[in-house]
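Per our numbering, residue 22 is the first one in the sequence shown, and the count goes up by one each step. All C-beta atoms, glycine included, are put in the ideal place defined by N, C-alpha and C. All values reported here derive from a predicted model rather than from experimental measurement.
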Amino acid sequence: MENRTYLRPPWMQRHVGNRLAPLFGRSVVSQLSVRGRRTGHWRKVPVAVLEHEGERYLVSYRGLSDWALNLRASPDCRLTSRGHTEGVTAEEVPEAERPALLTAYRERYGKMPTVSTVLTALPDPADHPVFLIRKQP
22 MENRTYLRPP
32 WMQRHVGNRL
42 APLFGRSVVS
52 QLSVRGRRTG
62 HWRKVPVAVL
72 EHEGERYLVS
82 YRGLSDWALN
92 LRASPDCRLT
102 SRGHTEGVTA
112 EEVPEAERPA
122 LLTAYRERYG
132 KMPTVSTVLT
142 ALPDPADHPV
152 FLIRKQP
């Protein structure tokens, strides 16, 4: 078993909120599709894309999530926003560059349920994988 820092979402968020998020937050919530690191099957998870200084980022604000581990293993993925799907490639951001991005993420999404609470509970930027995403050619 991997030793990792991760705050698991409550049952209601995992089983209800994650399924409904794309329906209610289309302007905020996108759907990330990434291949499972063990099975190779596509996994889908709602994410909030951070746009910062002309680039787009995915922030694993709960810590080292399964989707972050999957992106590390297979950086080619799909992102669906407002009904449009695009192929993207994710590149993990070095720890030294994460504090500014986590601050921007908190400013942009801190009013969403749990974001500020979780970022406060896990204050070390090393605990939050951040990925720069770029559209595939």
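In the DSSP annotation of this structure, the continuous segment of the beta strand (DSSP E) that includes Leu100 starts and ends at 97 to 102.
In this structure the segment 101 to 115 does not lie against the segment 125 to 137, because fewer than three pairs of beta carbons, one per stretch, are closer than 8 Å. Contiguous alpha helix (DSSP H) elements confined to the segment 70 to 123 occur at 87 to 94, taking only those with 4 or more residues. Taking 8 Å as the cut-off, the Cβ atoms of Tyr126 and Tyr82 count as close.
Excluding residues up to 5 positions away in sequence, Ser51, Leu53, Leu79 lie with their Cβ nearer than 6 Å to the Cβ of Val68 in the same chain.
Non-local C-beta neighbours of Phe152 in its own chain, meaning closer than 7 Å and more than five positions away in sequence, comprise Tyr78, Leu79, Leu92, Ala111, Glu112, Glu113, Val114, ordered along the chain. Annotation for Trp63: Ser54, Arg56 place their beta carbon closer than 7 Å to its own, counting only its chain and skipping 5 residues before and after. Contact between Leu71 and Leu140 fails: their C-beta atoms lie close to 13 Å from each other, not under 8 Å. Under a 10 Å Cβ-count criterion, Arg119 is classified as buried, with 16 or more other Cβ atoms of the shown protein chains found around its own Cβ.
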